[in-house]
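Novice: Please see the structure below; I have some questions.
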Amino acid sequence: MQPQHTHTLKQLFRTSCLGLALSALSSTGFTLDINTASAEELETLRGVGPQRAQAIVEYREQNGPFENAEDLSNVKGIGERVITMNKKELELEAAAAKRPK
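Following this line, the structure appears as structure tokens:
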């Protein structure tokens, strides 16, 4: 095998390994409780940067815990697209604990 082909195969192998690793990470069951998460933790959500993360925290502090993921749409800058992209990763355990029985 010529050196150029070896280099290309190595790149292909590395890219494939990276793709497999990222795929495994996305299916690990990572969840984030939006009622207790810090702004930094909220930034790990797709489509949520520092400003949106801070807006979520401020909304939660002023209005109490979110009852469901769709309540995030009440936060300025958070739309249905962001909610849909992250729905599997969102958790609301803190809200369930605070609900009257």
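Under our numbering, the residues of the sequence shown are numbered 78 to 178, in order.
For glycine and all other residues, C-beta sits at the position ideal for the given N, C-alpha and C.
1. For residue 137, count neighbouring Cβ atoms within 10 angstroms of its own Cβ and tell me buried if that reaches 16, exposed if not.
2. Identify whether residue 122 lies in helix, strand or coil by the three-state DSSP scheme.
3. Which of the three DSSP states, helix, strand or coil, is assigned to residue 149?
4. By the three-class DSSP mapping on this structure, what secondary structure does residue 168 have?
5. Among the residues of its own chain, which have a CB less than 8 Å from the CB of residue 132, if the five just before and after it don't count?
6. Measure the beta-carbon distance from residue 166 to residue 119 and round it to whole angstroms, keeping in mind my assumption that it falls under 8 Å.
7. Take residue 123 and list the residues in its own chain whose beta-carbon comes closer than 8 Å to its own, dropping the five residues that flank it on each side.
8. Return the first residue and the last residue of the alpha helix (DSSP H) that residue 133 is part of.
9. Please classify residue 101: is it buried, with 16 or more other beta-carbons within 10 angstroms of its beta-carbon, or exposed?
Specialist: Considering the structure as presented:
1. buried
2. coil
3. helix
4. strand
5. 152, 153, 154, 155
6. The Cβ separation is near 11 Å, so there is no contact.
7. 159, 162, 163
8. 127-140
9. Residue placement at residue 101 is poorly supported in this model, since its pLDDT is 45, which falls under 50; the coordinates still yield a value, given next. By the neighbour-count rule (16 or more Cβ atoms within 10 Å), residue 101 is not buried but exposed.
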